[in-house]
Amino acid sequence: MIKKAIQEAADSPNPEYLDVVAEKVASEFDTPDEAAMFLAQIIHESAGLTAIEEQACLNGGCQGQYGSDQGEPGKSYHGRGFIQLTWPDNYKAASEGLGMGDELYKNPEKVSEDPKIAIDVSIWFWKNRVANEPGVKDGQFGATTKAINGPIECSGGGSETPQKRYDIYTKVAKAMGVENLASPDGC
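Under the working numbering, think of the first position of the sequence shown as 1052, with each following residue one higher.
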């Protein structure tokens, strides 16, 4: 059911990513409602499960951004994983939260080198930085967008991206049999 739901919303997901995500989501989420919200967000963030590293930052394109001056020398803390984890403090917290000590802080590139680490980091971020934000448990899908990328998408007005994220969510949720769809509110 999870693979089918992903394929409803993502045109050509990477088969390896599809398998890793479907397996992990099936074991980590208790309700199809929350799983559908999570899947919609990672489908959007990973360009339909085709990329687990911020494309603009490949080949050093984001030098000096995302707090690289606050982390390990020479390391970049740009978006990686299915949810595009950024900033040194998030890499450090995710690494510790996953029982990896400071491994991902010292070697952030590991998040984009291993899809299993990428999904673990993404679920960690969801459970620790998104799921408990105001509005999320009340069925406001927009609150998940706000928690992930609020300053860019929810604050300046005029952005079509929150609606695109919600459209992905409705496809995934319907394919998963979610009866009471979350509202687009909260962004």
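Glycine residues also receive a C-beta, built at the ideal position from the N, C-alpha and C atoms.
Predicted, not measured: the structure shown is a model, and the values here were computed from it.
Over the uninterrupted alpha helix (DSSP H) stretch that includes F1080, give me the two end residues.
Premise fails: F1080 is in no alpha helix (DSSP H) and is neither H nor E.
Any Cβ of chain D within less than 8 Å of the Cβ of E1154?
Within the model displayed, chain D is absent; a lone protein chain is all it includes.
Is the beta carbon of D1153 closer than 8 Å to that of K1167?
no
In whole angstroms, give me the CA-to-CA distance for N1231 and E1079.
In a straight line, the C-alpha of N1231 is about 21 Å away from that of E1079.
Going by other Cβ atoms of all chains shown within 10 Å of its Cβ, with 16 needed for buried, is D1313 buried or exposed?
Residue coverage of the chain in this structure runs from 1052 to 1238, which leaves residue 1313 outside it and unanswerable.
Tell me whether Q1092 sits in a helix, a strand or coil according to DSSP, three-state version.
helix
Sheet register partners of S1234 (DSSP bridge)
Note: S1234 sits in a beta bridge opposite Q1191.
Tell me whether M1052 is buried or exposed, calling it buried when 16 or more other Cβ atoms sit within 10 Å of its Cβ.
exposed
Do you know how far the Cα of A1169 is from the Cα of A992?
Outside the shown range of the chain (1052 to 1238) lies residue 992, about which nothing can therefore be said.
Locate the alpha helix (DSSP H) running through C1149, then write down its first and last residues.
Reading off the sequence shown, one finds Leu at residue 1149, where the question assumed Cys. It is not in any alpha helix (DSSP H) - L1149 carries neither H nor E in the DSSP assignment.
Select from Y1217, V1071, I1174 and T1082 the residue whose C-alpha is nearest the C-alpha of M1227.
T1082
Can you tell me the Cα-Cα spacing of G1150 and V1162, whole angstroms?
14 Å
Alpha carbon to alpha carbon, what distance is there between V1229 and Q1135?
26 Å
Assign Q1121 to buried or exposed, taking buried as 16 or more other Cβ atoms, counted over all protein chains shown, within 10 Å of its Cβ.
exposed
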